[in-house]
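Student:
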Amino acid sequence: MRLIFIYMNKFEELGLGEAIIKAVNDMGFETPSEVQEKAIPILLDKDTDIVALAQTGTGKTAAFGFPLIEKIDSKSKITQGLILSPTRELCLQITNELKNYSKYIPGLRTVAIYGGASIMDQAKEIKRGAQIIVATPGRMQDMINRKMVDITNIDYCILDEADEMLNMGFYEDISAILADTPKEKSTWLFSATMPREVSTIAKRFMHDPVEITVGHKNTGSENVSHEYYVVNSRDRYAALKRLSDANPDIFSVVFCRTKRDTQKVAENLIGDGYNAAALHGDLSQNQRDLVMKSFRNRQIQMLVATDVAARGIDVNDITHVINYQLPDEIETYTHRSGRTGRAGKSGVSMVIVSKSEVRKIKSVERIIKKSFEKKEIPSGEEICQVQLFHLASDIGKAEINHEIDSYLPSINEVLEEFSKEELIKKFFSVEFSRFHNYYKKSRDLNASGGDREGDSYNSDGSTRYFINVGEKDGFDWMTLKDFLKEVLELGGDSLSRVDVKESFSFFNTNSEYQERVLSVFEDFKMEGRKVNVEISKDSGRSRGGRRRRDNGGSGGGFKGKRRSDGFKPKGKKRFDSNEDRGSRSGGDRGRDRRKRSDRR
Ligand code: AMP
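Everything in the sequence shown is counted per my numbering, starting at 169 for the first residue and increasing by one.
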């Protein structure tokens with residue numbers, strides 16, 4: 169007996185036909201996502217209603233798109249499928265995806281209808297025959313009223329991002345549209361969250377729907393980690409800049425609560441040399457399209473947006489979502505954080521809160537069923553370290569431009585007296601000094617307090633110490649770190665946040681080394697002088713050690729004096745604090761460099 173093995177790929181196993189499999193191969197999809205695996209066999213197998221709880225970025229468009237295309241009769245020109253989606257942006261994305269999926273099915277036409285474009289042109293497209301219509305509810309309702317579309321014979325109605333549509337106030341439109349469709353059709357509802365309004369729609373318009381859930385109800389993507397940072401309200405903007413500077417390759421959406429804040433934050437970021445832009449409802453459709461195009465092309469690294477304007481943004485590879493303020497509706501947080509961690513990638517959702525808002529974090533945790541990690545706004549030193557290594561790695565990776573070859577002999581002549589180390593130091597001094605000088609003396613932006621009961625203050629498991637040596641003893645953060653490494657016999661990884669002030673400094677170690685640190689410095693002398701180390705007040709609950717208050721950075725001032733020795737921008741007003749709103753940041757250097765490299 170001969171056994172014949174027939175190789176089936178995973179999409180074939182779901183029951184999809186040849187034309188779609190061919191398109192799937194073209195798109196490079198290798199394995200079905202969870203929502204596809206769960207929904208496709210059910211939808212192919214029988215005509216049923218379905219409620220699928222899945223985030224954007226989980227592959228849900230294909231989860232309903234593949235079975236829909238399989239079931240449509242492409243020989244008939246009648247409209248058989250209607251997809252309602254909350255925004256024009258999403259409507260166009262779905263249409264494009266469906267066109268890709270159905271490219272090997274002759275005669276199948278998918279048409280998008282949405283506001284802000286010519287209704288007559290869209291009506292013409294429909295008239296040419298559209299088996300599938302993808303529509304925003306407002307424009308759809310408008311076209312039904314003007315008898316430009318006929319959805320009285322559809323077999324399938326898909327409500328995509330149902331929670332978003334209801335959030336945006338489309339309940340009446342959706343009800344009216346559904347009332348215009350046949351009772352016997354199948355309704356497929358996709359939603360990231362399941363608020364009461366969505367359940368109401370499901371109860372009112374669906375019959376015994378099969379329910380599938382990807383992840384947990386109302387939870388965000390598994391790939392997203394959630395962090396919060398406690399600052400004084402006036403430091404929000406400075407904190408935003410630091411979070412960006414500490415992540416040189418950031419590609420982010422920054423969410424603000426109001427259009428005014430969105431515009432202001434974006435303007436300040438642009439003024440400070442960042443590649444940023446605003447996206448909100450006061451912009452014309454054209455302006456919004458331009459902003460989105462630049463964002464997709466990565467000319468914009470920080471897209472500052474309102475919740476409404478950012479709905480339906482479907483850009484993969486967003487590394488960070490930054491909640492400049494928490495949303496009014498806690499549910500909205502799920503949508504914000506769902507903009508990152510898409511298509512199997514990991515992402516970070518950061519929240520900047522004031523002390524009084526910390527309790528709201530608990531409510532968000534309850535909704536997303538995930539814990540937040542309390543993190544510290546990085547110190548200037550840490551940022552310099554990150555930027556420095558980023559610059560070094562960029563240089564390491566740079567392709568050599570051989571046009572410089574002919575100038576090399578004369579350049580060599582100028583630099584021949586210097587060793588490799590000296591050249592590296594000089595190069596970095598030219599490229600980096602301004603950035604470093606600016607950040608070296610920047611304040612600690614972390615607001616003390618605001619801990620939640622049961623939290624360890626240093627959520628990263630570290631302890632912060634005060635040490636009575638500083639700049640006047642000849643230390644900078646690097647030499648102090650080396651000194652500590654040596655006397656404590658610790659690896660560099662175990663020491664962090666070395667923050668050198670004039671006559672004293674702070675540093676962190678993993679908490680497990682606390683005993684060692686205190687005992688090494690119990691009776692330690694340097695050049696005859698006693699070196700004193702204590703646990704800093706801000707290192708959290710007492711662990712029996714002595715404590716000392718960490719007065720923060722240059723802004724707080726150990727001697728009660730406010731410093732203003734930050735970077736002074738040429739021709740610009742000098743602010744009390746070098747990171748105040750609107751001031752030009754030392755981060756400019758990094759930004760300008762980044763802009764240049766972006767243009768390359
Ligand atoms: P969606 O959740 O439908 O917005 O999909 C998010 C992104 O994932 C889109 O860019 C899709 O093209 C892509 N995608 C969908 N399904 C798969 C899959 N099975 N494998 C790889 N990528 C996929």
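Even for Gly, the Cβ is constructed at its ideal location relative to N, Cα and C. Keep in mind it's a predicted model, so treat the numbers as computed, not measured.
For a test of the three-state rule: what should DSSP assign to HIS448, helix, strand or coil?
Tutor: In this structure, HIS448 counts as coil in the three-state DSSP scheme.
Student: When you measure from the CB of ASP482 to every non-hydrogen atom of the ligand AMP, does any distance come out below 7 Å?
Tutor: For the ligand AMP, at least one heavy atom lies less than 7 Å from the Cβ of ASP482.
Student: Tell me the residue span of the beta strand (DSSP E) that contains ASP440.
Tutor: Unbroken run through ASP440: none, as it is neither H nor E.
Student: From LYS206 to PHE419, what does the alpha carbon distance come to, in whole angstroms?
Tutor: Their Cα atoms are separated by approximately 32 Å.
Student: If we ignore side chains and look at the alpha-carbon of each, how far apart do GLY233 and TYR269 end up?
Tutor: GLY233 and TYR269: Cα-Cα distance of roughly 8 Å.
Student: Quick check on this structure: which residue in VAL392, ILE218, ARG296, VAL701 has the alpha carbon closest to the alpha carbon of HIS488?
Tutor: Measuring from the Cα of HIS488, the nearest candidate turns out to be VAL392.
Student: Using DSSP with H/G/I as helix, E/B as strand and the rest coil, what is ASP667?
Tutor: Residue state, collapsed to three classes: strand.
Student: Decide if the segment 514 to 523 is in contact with the segment 371 to 378; the criterion is three or more beta carbon pairs, one per stretch, under 8 Å apart.
Tutor: Judged by Cβ distances under 8 Å, the segment 514 to 523 makes no contact with the segment 371 to 378, as fewer than three pairs qualify.
Student: Over what stretch of residues does the alpha helix (DSSP H) that includes MET460 continue unbroken?
Tutor: Where MET460 is concerned, the enclosing alpha helix (DSSP H) stretches over 453 to 464.
Student: So does GLY227 have its beta carbon nearer than 7 Å to some heavy atom of the ligand AMP?
Tutor: At least one heavy atom of the ligand AMP is nearer than 7 Å to the Cβ of GLY227, so yes.
Student: Who pairs with VAL422 in a beta bridge, going by DSSP?
Tutor: According to DSSP, VAL422 bridges with VAL472, ILE490.
Student: Three-state secondary structure (DSSP) at MET195?
Tutor: DSSP places MET195 in helix when its eight states are reduced to three.
Student: If you draw a straight line from the C-alpha of ASP341 to the C-alpha of PRO305, how long is it?
Tutor: Approximately 6 Å, taken between the alpha carbons.
Student: For TYR397, does the three-state DSSP call read helix, strand or coil?
Tutor: Correct three-state label for TYR397: strand.
Student: Alpha carbons only, please: which of ASP573, ASP691, ILE246, LEU221 is nearest the one belonging to THR502?
Tutor: When only C-alpha atoms are compared, the closest one is LEU221.
Student: What I want to know is whether the C-beta of GLN299 ends up closer than 7 Å to one or more non-hydrogen atoms of the ligand AMP.
Tutor: Checking the Cβ of GLN299 against the ligand AMP gives no.
Student: Among residues of its own chain, excluding the 5 on either side of THR500, which ones have a beta-carbon nearer than 7 Å to its beta-carbon?
Tutor: Same-chain partners within the cutoff: ASP475.
Student: Exposed or buried, which one is SER664 when buried takes at least 16 other CB atoms within 10 Å?
Tutor: When all chains shown are included, SER664 counts as buried.
Student: Apart from the five residues on each side of it in sequence, which residues of its chain come closer than 6 Å, Cβ to Cβ, to ASN321?
Tutor: Around ASN321: ILE246.
Student: May I have a chain-ordered list of the alpha helix (DSSP H) segments no shorter than 4 residues that lie completely inside the segment 312 to 354?
Tutor: Runs found: 330 to 335, 339 to 347.
Student: Along the beta strand (DSSP E) that carries MET694, what are the first and last residues, could you check?
Tutor: From DSSP, the beta strand (DSSP E) with MET694 extends over 692 to 694.
Student: Less than 8 Å between the beta carbons of GLN639 and LYS669, yes or no?
Tutor: Per the sequence shown, the amino acid found at residue 639 is Glu instead of Gln. Yes, the Cβ-Cβ distance between GLU639 and LYS669 is below 8 Å.
Student: Using 7 Å as the cut-off, classify the Cβ of GLU683 as near or not near the heavy atoms of the ligand AMP, replying yes or no.
Tutor: The answer is no for GLU683.
Student: Name the DSSP beta bridge partners of SER359, please?
Tutor: For SER359, which the question treats as bridged, DSSP gives the partners LEU221.
Student: Please state the DSSP three-state secondary structure of ALA298.
Tutor: ALA298 falls in the coil class under three-state DSSP.
Student: ARG730: buried (16+ other C-beta within 10 angstroms of its C-beta) or exposed?
Tutor: At ARG730, the pLDDT of 26 sits below 50, so the modelled position is not reliable and the matter cannot be decided from this model.
Student: Tell me which residues share the same chain as VAL382 and place their Cβ nearer than 6 Å to its Cβ, disregarding the 5 neighbours each side in the sequence.
Tutor: So the list reads GLU202, VAL203, ALA222, THR226, once near-sequence residues are dropped.
Student: Residue range of the alpha helix (DSSP H) that SER531 falls in?
Tutor: Unbroken alpha helix (DSSP H) run through SER531: 526 to 536.
Student: For the beta strand (DSSP E) that THR500 lies in, which residues bound it at each end?
Tutor: No beta strand (DSSP E) holds THR500; the alpha helix (DSSP H) holding it covers 500 to 505.
Student: GLY713 to VAL655, Cα distance in whole Å?
Tutor: With a pLDDT of 40 at GLY713, under the threshold of 50, the modelled position of this residue cannot be trusted; read the value that follows with caution. If you take the alpha carbons of GLY713 and VAL655, they lie about 19 Å apart.
Student: Is PHE197 near the ligand AMP, with its Cβ less than 7 Å from a heavy atom?
Tutor: Yes, the ligand AMP has a heavy atom inside 7 Å of this Cβ.
Student: Considering only residues of the same chain and omitting the five flanking positions on each side of THR430, which have a CB-CB separation below 7 Å?
Tutor: Here the set comprises CYS424, ALA446, HIS448, VAL472, ALA473, THR474.
Student: Smallest Cα separation from ASN676: which of ASP661, PHE689, SER687, THR368?
Tutor: Closest by alpha carbon: ASP661.
Student: Going by DSSP in three states, THR430 sits in which element: helix, strand or coil?
Tutor: Looking at THR430 - three-state DSSP - the assignment turns out to be helix.
Student: May I ask you to report which of helix, strand or coil DSSP gives VAL637?
Tutor: Correct three-state label for VAL637: coil.
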